[in-house]
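A.B. asks:
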Amino acid sequence: MKTVLLVDDSRAVRLVGRRMMGTFGLEVLEAEDGKQALEVVRANPELDVILLDWNMPIMDGMEFLTALRAEDRAKQPIVVMCTTENDMPRIVQAMQAGANEYIMKPFTEDIVRDKLEETGVL
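Counting the sequence shown from 1 gives a position; the numbering used here is that position plus 401.
#1: Would you identify the three-state DSSP class for residue 432, choosing helix, strand or coil?
#2: Extract the residue ranges of the beta strand (DSSP E) inside the region 447 to 504, only unbroken runs of 3 or more that lie entirely within it.
#3: Go to residue 520, then tell me how far its beta strand (DSSP E) extends in each direction, as first and last residue.
#4: Could you tell me the boundaries of the beta strand (DSSP E) in which residue 427 lies?
#5: Label residue 471 either buried or exposed according to how many other C-beta atoms from any shown protein chain fall within 10 Å of its C-beta, with 16 as the threshold for buried.
#6: Can you tell which of 436, 516, 476 and 463 has the C-alpha that lies nearest to the C-alpha of residue 493?
#7: Could you check where the beta strand (DSSP E) with residue 404 kicks off and where it finishes?
#8: Is it buried or exposed, residue 444, if we count other Cβ atoms within 10 angstroms and call 16 or more buried?
#9: Residue 519 to residue 501, Cα distance in whole Å?
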């Protein structure tokens, strides 16, 4: 079973994501900010994919992504930015920092499934 990490400061978004990932047959881990997410990633080196919000307290999504991609890891997880940030410069910034895909909120189950299929997770 593949594992996904949902990183979002909104409990409601994580709950919706958890339900959605369950329908895809993925094991779900959660973090409410980038700092907590780094701890989860380090404790779970075989993590397959991360759905990552941009705007969070303590450590935002871009800070997390930059720190994650800078780590010397045997396996880098796929990162899908999942955010309200929809300006083209922001999308480019995320992709250049190492995001594999980008989804704008609000999103549907079909959109998430398509992105996970495109990245080879599903």
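Ideal Cβ placement from N, Cα and C applies to all residues, glycine included. Given the structure is predicted, the values throughout are model-derived calculations rather than measurements.
C.D. replies: Here's the rundown:
#1: The count along the sequence shown starts at 1 and reaches residue 432 at position 31. Three-state DSSP puts residue 432 in a strand.
#2: 450 to 453 and 479 to 484
#3: Looking up residue 520 in the sequence shown gives position 119. Run containing residue 520: none; DSSP gives neither H nor E here.
#4: As a working mapping, residue 427 is identified with position 26 in the sequence shown. Where residue 427 is concerned, there is no enclosing beta strand (DSSP E), given that its DSSP letter is neither H nor E.
#5: Position 70 of the sequence shown, counted from the first residue, corresponds to residue 471. By the neighbour-count rule (16 or more Cβ atoms within 10 Å), residue 471 is not buried but exposed.
#6: Residue numbering aside, residue 493 sits at position 92 when the sequence shown is read from its first letter. The candidate whose alpha carbon is nearest that of residue 493 is 463.
#7: For the purposes of this step, residue 404 is taken as residue 3 along the sequence shown, with counting starting at 1. Note, residue 404: beta strand (DSSP E), 404 to 408.
#8: Here residue 444 corresponds to residue number 43 of the sequence shown, with the count starting at 1. The residue is exposed, with fewer than 16 neighbouring Cβ atoms inside 10 Å.
#9: Mapped onto the sequence shown, residue 519 falls at position 118. Mapped onto the sequence shown, residue 501 falls at position 100. So the alpha carbons of these two residues sit roughly 10 Å apart.
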